[in-house]
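Here the UniProt record's numbering is used: the first residue of the sequence shown is 1, the next is one more, and so on.
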Amino acid sequence: MLNLPKKIYFMQANLIKKNFFINNFYLFNNKICEFFLLDGPPFANGDFHIGHILNKTIKDILIKIFYLNNITLLSNNGSDCHGLPIEQSNKINNFFFLNCRNFVCKNIQLQKKNLINFFF
């Protein structure tokens with residue numbers, strides 16, 4: 001039987017009003033956000049590789065094209081922490097979910113460090 005977490009996350013319709021950085025960014029530019037780009041993956045299930053560089057480069061070019069055309073675009077970095085590749089990389093034992101969480105956290109930190117090394 002599948003043992004999934006029980007926490008429920010509710011949608012936040014007024015997130016831009018609550019988030020200080022986002023709110024001030026758009027007040028400063030005096031524009032309404034026209035597009036939103038969620039920059040994630042990379043998946044947090046392995047080390048940083050050339051595919052991540054290609055992904056980041058394409059998204060970076062897209063963001064710059066939008067800004068050069070005076071189109072407001074909110075970009076948010078993140079990691080895709082879906083379960084199947086992570087679960088397959090960890091053996092099922094008494095500490096399965098703790099191992100998965102540690103595995104994801106370790107890979108997110110490793111990818112952030114490598115991303116800085118690649119000047120993104």
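Virtual Cβ for every residue (Gly too), placed ideally from N, Cα, C. Please read all numbers here as calculations on a predicted model, not as lab measurements.
Nearest-angstrom Cα separation, counted from residue j out to residue i
{"i": "Leu74", "j": "Leu98", "result": "33 Å"}
{"i": "Asp47", "j": "Phe36", "result": "27 Å"}
{"i": "Phe96", "j": "Phe66", "result": "43 Å"}
{"i": "Ile116", "j": "Thr57", "result": "13 Å"}
{"i": "Cys105", "j": "Asn114", "result": "14 Å"}
{"i": "Leu38", "j": "Arg101", "result": "22 Å"}
{"i": "Gln109", "j": "Phe103", "result": "10 Å"}
Residue i, buried or exposed, once every other Cβ within 10 Å from all chains shown has been counted against 16
{"i": "Asn49", "result": "Note that residue 49 is His in the sequence shown, not Asn. His49 should be labelled exposed."}
{"i": "Asn77", "result": "exposed"}
{"i": "Gln111", "result": "buried"}
{"i": "Asn69", "result": "exposed"}
{"i": "Asn107", "result": "buried"}
Beta-carbon spacing of residue i, residue j below 8 Å
{"i": "Glu34", "j": "Ile63", "result": "no"}
{"i": "Ile53", "j": "Phe118", "result": "yes"}
As assigned by DSSP and simplified to three states, the class of residue i
{"i": "Phe95", "result": "coil"}
{"i": "Asp39", "result": "strand"}
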